[in-house]
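Numbering (the UniProt record's numbering), first residue to last: 1 to 197.
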């Protein structure tokens with residue numbers, strides 16, 4: 001198994017947000033600013049890597065019939081740690097993200113990576129897969145946050161640049177920007193497929 005193939009799969013071919021359209025509730029709600037997006041991306045990345053690590057490590061001792069609840073408990077453990085760290089050290093960010101950090105527990109991407117990859121592969125490759133999937137998620141949500149904050153608020157990381165079009169920091173703006181991103185991503189994939197043929 002090639003590491004480059006794992007990265008390509010997690011970051012591009014099966015990008016959680018742009019290809020699979022998974023976990024969009026929190027993505028659309030959180031990505032109104034770059035700062036929120038970066039924080040959420042870091043949380044998801046850490047949880048994905050750590051849960052893949054432990055699920056892969058324990059894959060031979062986890063009973064098949066109860067594997068999904070065990071995966072959820074493992075994921076919930078790391079989400080709780082992230083939630084407590086944010087609450088203790090970044091209380092303002094904790095207030096902004098609110099309910100969305102605990103919702104990482106039921107993020108389909110993390111559970112899907114646990115079920116389809118970490119439960120079937122060794123620890124090293126599972127960590128790489130968690131990193132690749134998490135980075136794919138991070139790039140997409142951060143790009144959304146950057147564009148939405150720039151166009152909607154006219155700022156980057158809270159620094160005002162110009163007067164923005166407030167539609168883009170609202171839910172309809174999230175759908176518009178995401179739709180444009182998905183369209184561009186699909187055009188890229190189609191061109192790439194034509195070049196390969």
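The beta carbon of each residue, even a glycine, is placed where N, CA and C say it ideally should be.
None of these values were measured; they are calculated from a predicted model.
Roughly how many whole angstroms lie between the Cα atoms of residue i and residue j?
i, j, result
"residue 60", "residue 181", "40 Å"
"residue 108", "residue 13", "17 Å"
"residue 269", "residue 57", "A query on residue 269 cannot be resolved here, the shown segment of the chain reaching from 1 to 197 and no further."
"residue 8", "residue 132", "8 Å"
"residue 28", "residue 183", "16 Å"
"residue 192", "residue 178", "21 Å"
"residue 111", "residue 22", "11 Å"
"residue 153", "residue 164", "4 Å"
Looking at the unbroken alpha helix (DSSP H) that takes in residue i, where does it start and where does it end?
i, result
"residue 126", "123-148"
"residue 195", "171-196"
"residue 110", "108-113"
"residue 79", "67-89"
"residue 56", "34-57"
"residue 8", "3-8"
"residue 29", "24-30"
Buried or exposed: where does residue i fall if 16 or more other Cβ atoms within 10 Å of its Cβ makes it buried?
i, result
"residue 92", "exposed"
"residue 105", "buried"
"residue 140", "buried"
"residue 51", "buried"
"residue 168", "buried"
"residue 15", "buried"
"residue 137", "buried"
"residue 75", "buried"
Would you please state the rounded distance, in angstroms, between the beta carbons of residue i and residue j? I believe it to be under 8 Å.
i, j, result
"residue 43", "residue 82", "5 Å"
"residue 55", "residue 119", "6 Å"
"residue 49", "residue 40", "Not a contact, Cβ separation roughly 15 Å."
"residue 142", "residue 37", "5 Å"
So if DSSP puts residue i in a beta bridge, which residue, or which two residues, is it bridged to?
i, result
"residue 160", "155"
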